[in-house]
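Here the structure is laid out as structure tokens; the discussion comes afterwards.
In the numbering used here, the protein residues as written are 136 to 221.
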């Protein structure tokens, strides 16, 4: 079964609610990879990583997100972006 990106993110976000922090982080990272503009998922990840005192991971997460979104923006400006809905 195929879902729209936002539906996948919602499903993954709901799945993460009843898991250990480590498992929830793994699920939320899948959600972020599926839709990197889901700011609420980043908020959840930062909260979980902060509880585990994994501050370097927070910085790496945000740095990676910034790089990915900057690359997508450059592609959009050039007109080379393939917009697909999965």
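Cβ atoms here follow ideal geometry from the backbone N, Cα and C, with glycine treated the same way. Remember, predicted model here, so these are calculated numbers, not experimental data.
For residue 177, which residues in the same chain have their Cβ closer than 8 Å to its Cβ, ignoring the five residues on either side in sequence? 167, 196, 197 and 200
Could you name the residues of the same chain whose beta carbon sits closer than 6 Å to that of residue 179, not counting the 5 residues immediately before and after it, in chain order? 163
Could you have a look at residue 170 and say whether DSSP puts it in helix, strand or coil? coil
For residue 187, the three-state DSSP class (helix, strand or coil): coil
For residue 154, does the three-state DSSP call read helix, strand or coil? coil
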